[in-house]
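Take a look at the structure below.
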Amino acid sequence: MAGKDVATMKVSPKVWRNGEIIDWDDARVHIMSHVIHYGSSVFEGIRCYNTSKGSAVFRLPEHIQRLMNSAKIYRMDPSFNRDQIIDATVELIRQSGLDECYIRPVIFRGLDESKPSFGVNPFGSPIDTYIATWQWGKYLGEEALETGIDVCVSSWTRITSNSLPSMAKAGANYMNSQLIKMEAILGGFSEGIALDDRGYVSEGSGENIFLVNNGKLITPPLGASILPGITRDSVLQIAREMGIEIIETQIQRAALYLADELFFTGTAAEITPIRSVDRITVGAGRCGEMTKRLQEEFFKIILAERPAPAGADWLTFVNDAGEKKTAVGK
Ligand SMILES: Cc1ncc(COP(=O)(O)O)c(C=O)c1O
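All residue numbers for the sequence shown refer to the numbering used here, where the first residue is 1023 and numbers rise by one.
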């Protein structure tokens, strides 16, 4: 089965909805669903890569665990557990006809048309779970991984964890991300970096951030209103394995300008170097040495060319029989 073209995007012709596989065209929600009005959704962004050993999803259990954590924070009780959503994701990819794709599970508060509830109080709205997939190329541009991108520091403050908890990947958080992203684009930049409510570096609109200084890898702690990124964690584990010193600490805005190297991490962005901030050139103005080394190891792991650090299983293979095979070299 081939993918389906929607405008210029190749999408899976199928969507998983509450335990059944439906057609893409039927994956619609009512305008009065709670999520439309009050932003009540949690979601994930996951990638499946076409490796030499077959299609494999990168850190699928960790992503679905984060989805369940996000739902728990917002007192959403989905009808499916982590393992069921993992199996559903693999099954959907198998049916999508896509060797390589981006996967978007989403849990949200919908509408029970037999007992509608339109107010802010979310408890009367049903919890719906969907999974969609589509083909998504390099998020920040094909060349970005090589040449780096130009970014700005946003005038918008990152959401504070006491208002919209950044530990949850909630749809509502992305209103803040949209303000950051729009400002950056309109200013001629590829992406914006938000500071937290104390003025320390937080993260990009959809990426975590790393600095390299004097051979050390520095990144903001989880307390800086960041999403606990799975790519961030992967980079930290790879760096640890490479013997690189890691420092998780508060970072001043000015330190961005003075870094030897700077890069974003994220499922969509992968490991994208940053060549300038606020039009100040960072380091040599291109992908730095350590960024390159980390990129190389990261890409080898996601393409099943080497095992993950400490023999961990980071790949879930989607084979023809629809069975799952985890781990490189097993
Ligand atoms: C706000 C934000 N920060 C960081 C990330 C990176 O997280 P991950 O590496 O798990 O994709 C994302 C992407 O999901 C994001 O949206």
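Positions of the beta carbon are idealized from the N, C-alpha and C atoms, including for glycine.
Cβ neighbour criterion (16 or more within 10 Å) applied to Phe1353: This structure cannot speak to residue 1353, because the chain is shown only from 1023 to 1352.
Between Cys1309 and Ile1323, what straight-line distance do the alpha-carbon atoms span, to the nearest angstrom? When rounded, the separation of the alpha-carbon atoms in Cys1309 and Ile1323 is 20 Å.
Quick one: using the 10 Å Cβ neighbour count with 16 as the cut-off for buried, is Asp1172 buried or exposed? By the neighbour-count rule (16 or more Cβ atoms within 10 Å), Asp1172 is buried.
Please confirm whether any heavy atom of ligand 1 lies closer than 8 Å to the CB of Thr1169. No, since every heavy atom of ligand 1 falls outside the 8 Å radius drawn around the Cβ of Thr1169.
With respect to the beta strand (DSSP E) encompassing Phe1140, which residues constitute its N-terminal and C-terminal limits? Phe1140 -> no beta strand (DSSP E), and no H or E assigned at all.
Please work out which residues of its chain come closer than 7 Å, Cβ to Cβ, to Gly1067, disregarding the five sequence neighbours upstream and downstream, and give them in chain order. Excluding residues within five positions, the ones whose Cβ falls inside 7 Å are Tyr1124, Arg1126, Thr1289, Ala1290.
Since Thr1155 is in the beta strand (DSSP E), which residue starts that stretch and which ends it? Its beta strand (DSSP E) spans residues 1149–1156.
Is there a C-beta anywhere in chain D that falls below 9 Å from the one on Gly1228? Looking at the structure shown, chain D is missing, and only one protein chain is on hand.
Would you call the CB atoms of Thr1313 and Glu1283 closer than 9 Å? For the 9 Å CB-CB criterion, Thr1313 and Glu1283 form a contact.
Contact check, Val1128 vs Ser1063 under 8 Å by CB: the rounded distance? In this structure, Val1128 and Ser1063 form a Cβ contact; the two beta carbons are roughly 6 Å apart against a cut-off of 8 Å.
Can you tell me whether Glu1042 sits near ligand 1, meaning its C-beta is under 8 Å from at least one heavy atom of the ligand? For Glu1042, the CB stays at least 8 Å from every heavy atom of ligand 1.
Using a Cβ-Cβ cut-off of 6 Å (strictly less than) and excluding sequence neighbours within five positions of Lys1352, which residues of its own chain qualify? Residue placement at Lys1352 cannot be trusted, given a pLDDT of 31 that sits under 50; what the coordinates show is reported in the next sentence. Hits under 6 Å: none found.
Taking Leu1167 as the reference, give the member of Val1028, Phe1321, Thr1111 with the closest Cα. Comparing Cα-Cα distances from Leu1167 to each of Val1028, Phe1321, Thr1111, the minimum goes to Phe1321.
Between which two residues does the beta strand (DSSP E) containing Ile1252 stretch? DSSP places Ile1252 outside any beta strand (DSSP E); the residue lies instead in the alpha helix (DSSP H), whose first and last residues are 1252–1263.
At the level of alpha carbons, what is the spacing between Asp1150 and Lys1094? About 14 Å.
Is Ser1092 near ligand 1 - that is, is its Cβ less than 8 Å away from at least one heavy atom of it? No, ligand 1 has no heavy atom inside 8 Å of this Cβ.
Do you know how far the Cα of Thr1287 is from the Cα of Arg1254? Distance between the alpha carbons of Arg1254 and Thr1287 is about 6 Å.
I need the DSSP call for Asp1335, collapsed to helix, strand or coil. In the structure shown, the three-state DSSP call for Asp1335 is coil.
Evaluate contact between the segment 1179–1197 and the segment 1243–1259, counting only Cβ atoms and requiring at least three cross-stretch pairs below 8 Å. As far as the Cβ criterion goes, the segment 1179–1197 touches the segment 1243–1259, which means the pair count is three or higher.
Whole-angstrom distance between Ile1293 and Gly1210, CA atom to CA atom: Whole-angstrom Cα-Cα distance: 21 Å.
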